[in-house]
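Asker:
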Amino acid sequence: MVEDLRAAAREHLLLHFTRKAAWQSPELPMVVRGEGVYVYDDRGRRFLDGLSGLFCVNMGHGRADIVAAATKQMETLAYTTNWSVAHPASVEAARLIAGLAPGDLDAVFFVNSGSEAVESALKFSWQYHRNTGHPERRKVIARHMAYHGTTVGALSITGVPAYRAPFEPLLPEVFHVRNTYGAEVSPGTPVSSLPCVQDIRDIIEREEAETIAAIFAEPVQNGRGALVPPDGYWAELRSICDENGILLVADEVINGFGRLGHWFGIEREGIVPDLITFAKGATSGYVPLGGLIARRSLVEGLMNRDDALFTHGATWGGHPVATAASVANIKAMQDEGVLGNVLTLAPELRAGLEDLAARHSVVREVRGTGFFYAIELMADRDSGAELTGDESIALLREVLPRAMREAGLLTRPDDRGATMLVLAPPLIADRAVIAELLEKVDAVISAAEAYVKAQRA
Ligand SMILES: Cc1ncc(COP(=O)(O)O)c(C=O)c1O
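Numbering (the working numbering), first residue to last: 67 to 523.
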């Protein structure tokens, strides 16, 4: 039975972003059950879910409350649309989410995934500018190595070369600028002088402000490994957008719903974006839901006549079951104080990771905040030796996955721009779980270090 499943997966189930060797491997993970911060595989092994599934199971697995809300909704009304029709679950979810969003972002448009959310934000920006008399504003600025999804609009905004290459040419008018990796503001130097900011001003000058629709960025960028921006960076983006009539889109697909200890990651920056995209944690992964939150003034600009409409939609957008699950999820987050949990335990998690880094010369750096970190590897920090291409591949595809299996940890070796291990535990993780996570990560990093040392002995 157990091997039958793997054989059937090899035969019939095409996996996402999965190399053939991993897909066909006898070690293909087969996760069958989840409870709290743990998942179990078909061989009965228990794994700590160090990535909350894929940054989404924020409230943990196996929750009766979210299941009950979804079940009740299915029994009451499994489906009606959000095309010219409203229903209580989507209204309630929209009202709750609008109430949590910063500033005057108070209108929510539901879709089913992060990619669709980004796609919707792009189309909203275009149509807003068109309806307010600026149809020439079509261009987009985004950042190198940022992941914004896979549908063609979202992929065009994505700045990960390997994901774009098989499909190029993509949308021609998306310009990628330097991200905030290594961006440090020394005392007395203005943020505006950072290369990652200057790049944006250069593009605006070269392409002309009147042709630019939007800037897309994550408050803390996942691609290139949990890039926390320097203080003042987002305020600078806000000023640039205000000066030039450009919309500022905060992609909160990972950052939102508590990952950084706030409802939205942008709260750390003290500015209000024009649009927020979300997905993942909005339902803790119990059912798919994504969406777009827009400022009131933008909705009024787009809907500037009685016959105006946002010419965009999807059958499942605002699905009753997904929005009912989201309401239950958000209420549980509020009732259980998980944001406070993240803010309380984040310094301990960070300190544990820093300590681990100090003990392992294979760690170049630990970055991140809240319950969201990347551990970047190199060959030897003390001598400055870098990993060879072959070592990096072996670490990402064999050494780290094997060590994770042995340690009972599920998370993600990441190759986007460096060799990294990414951590994003469920937000319900308590002190004991954080200690257990650190122990497991230590075992995994030790295995990486042993491998590199053996290669160079
Ligand atoms: C920042 C960001 N935007 C968009 C997406 C795309 O979301 P989805 O995979 O739900 O389409 C992701 C997915 O990880 C993401 O991290």
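For each residue, glycine too, the CB sits at the ideal point set by N, CA and C.
#1: Could you spell out the range, first to last residue, of the beta strand (DSSP E) harbouring Phe176?
#2: Flag this pair as yes or no: are the beta carbons of Asn288 and Ile320 separated by less than 7 Å?
#3: Enumerated in chain order, which unbroken segments of the beta strand (DSSP E) with a length of 3 residues or greater are wholly contained in the segment 236 to 291?
#4: Can we say the segment 360 to 367 touches the segment 123 to 142, given the rule of at least three CB pairs closer than 8 Å?
#5: Tell whether a beta-carbon distance below 7 Å holds between Ile441 and Leu487.
#6: Cα separation between Ile223 and Glu505?
#7: Do the CB positions of His153 and Pro386 come within less than 7 Å of each other?
#8: So, helix, strand or coil for His127, using DSSP?
#9: Quick check: the Cα distance between Val465 and Leu422, rounded to an integer number of angstroms?
#10: So, under 8 Å CB-CB, Ile342 and Ile281 are touching, yes? Tell me the CB distance rounded to an integer number of Å.
#11: Counting Cβ pairs closer than 8 Å, one from the segment 393 to 405 and one from the segment 191 to 207, do we hit at least three?
#12: Please determine whether the Cβ atom of Glu515 lies at a distance below 6 Å from any heavy atom of ligand 1.
#13: If you count every other CB in all the chains shown that lies within 10 Å of the CB of Ser186, and 16 or more means buried, which is it?
#14: For Met486, does the three-state DSSP call read helix, strand or coil?
#15: Mapping DSSP to helix, strand and coil, what is Leu462?
#16: Among all the DSSP beta bridges, which residues are the ones paired with Val432?
#17: Taking 6 Å as the cut-off, does the CB of Asn245 come closer than this to any heavy atom belonging to ligand 3?
#18: Work out the CA separation of Glu276 and Glu502 for me, nearest whole Å.
#19: Assuming Leu326 and Thr477 form a contact by the criterion Cβ under 8 Å, report the distance between their Cβ atoms to the nearest whole angstrom.
#20: Look at the Cβ atom of Asn310, then the Cβ atom of Ile269, and state whether they are nearer than 7 Å.
#21: Helix, strand or coil for Phe113? Go by DSSP, reduced to three states.
#22: Of all the options Thr381, Asp481, Ala514, which has the alpha carbon lying nearest to the alpha carbon of Trp149?
#23: Reducing DSSP to helix, strand and coil, say where Thr381 ends up.
#24: Excluding the 5 residues preceding and the 5 following Leu237 in the sequence, name in chain order all residues of the same chain whose CB lies nearer than 6 Å to its CB.
#25: How far does the beta strand (DSSP E) with Glu101 in it reach, from first residue to last?
#26: Can you give the Cα-Cα distance for Gln193 and Ser181, rounded to whole angstroms?
#27: In whole angstroms, give me the CA-to-CA distance for Ser259 and Leu314.
#28: Quick check on this structure: which residue in Asn124, Leu120, Cys122, Pro95 has the alpha carbon closest to the alpha carbon of Leu112?
#29: If contacts are defined as beta-carbon pairs under 8 Å, then Gly291 and Arg433 qualify, I think. What distance do you get, rounded to the angstrom?
#30: Just to confirm before moving on: does the CB-CB distance between His549 and Ala279 stay below 7 Å?
#31: Here's the rule I'm using: 16 or more other beta-carbon atoms within 10 Å means buried, otherwise exposed. How should Gly225 be labelled?
#32: Report the option in Glu101, Arg425, Gly379 whose CA atom is closest to the CA atom of Gly356.
#33: Quick one, which of Pro354, Thr216, Leu419 has its alpha-carbon nearest Lys346's?
#34: Could you spell out the range, first to last residue, of the alpha helix (DSSP H) harbouring Arg478?
#35: Taking only heavy atoms of ligand 1 into account, decide whether any of them is closer than 6 Å to the Cβ of Glu402.
Answerer: In this structure, then:
#1: 171 to 177
#2: yes
#3: 240 to 243, 278 to 283
#4: no
#5: yes
#6: 37 Å
#7: yes
#8: strand
#9: 18 Å
#10: Wrong, their Cβ atoms sit about 13 Å apart, outside the cutoff.
#11: no
#12: no
#13: buried
#14: strand
#15: helix
#16: Ile441
#17: With respect to ligand 3, the structure shown offers nothing to examine, as its ligands consist of ligand 1.
#18: 53 Å
#19: Actually they do not touch by this definition, with Cβ atoms about 18 Å apart.
#20: no
#21: strand
#22: Thr381
#23: coil
#24: Ser222
#25: 97 to 101
#26: 18 Å
#27: 20 Å
#28: Rather than Leu, the amino acid found at residue 112 in this sequence is Arg. Cα-wise, what sits closest to Arg112 is Pro95.
#29: 6 Å
#30: Outside the displayed range of the chain (67 to 523) lies residue 549, so it cannot be described from this structure.
#31: buried
#32: Gly379
#33: Pro354
#34: It is not in any alpha helix (DSSP H) - Arg478 instead sits in the beta strand (DSSP E) that spans 478 to 480.
#35: no
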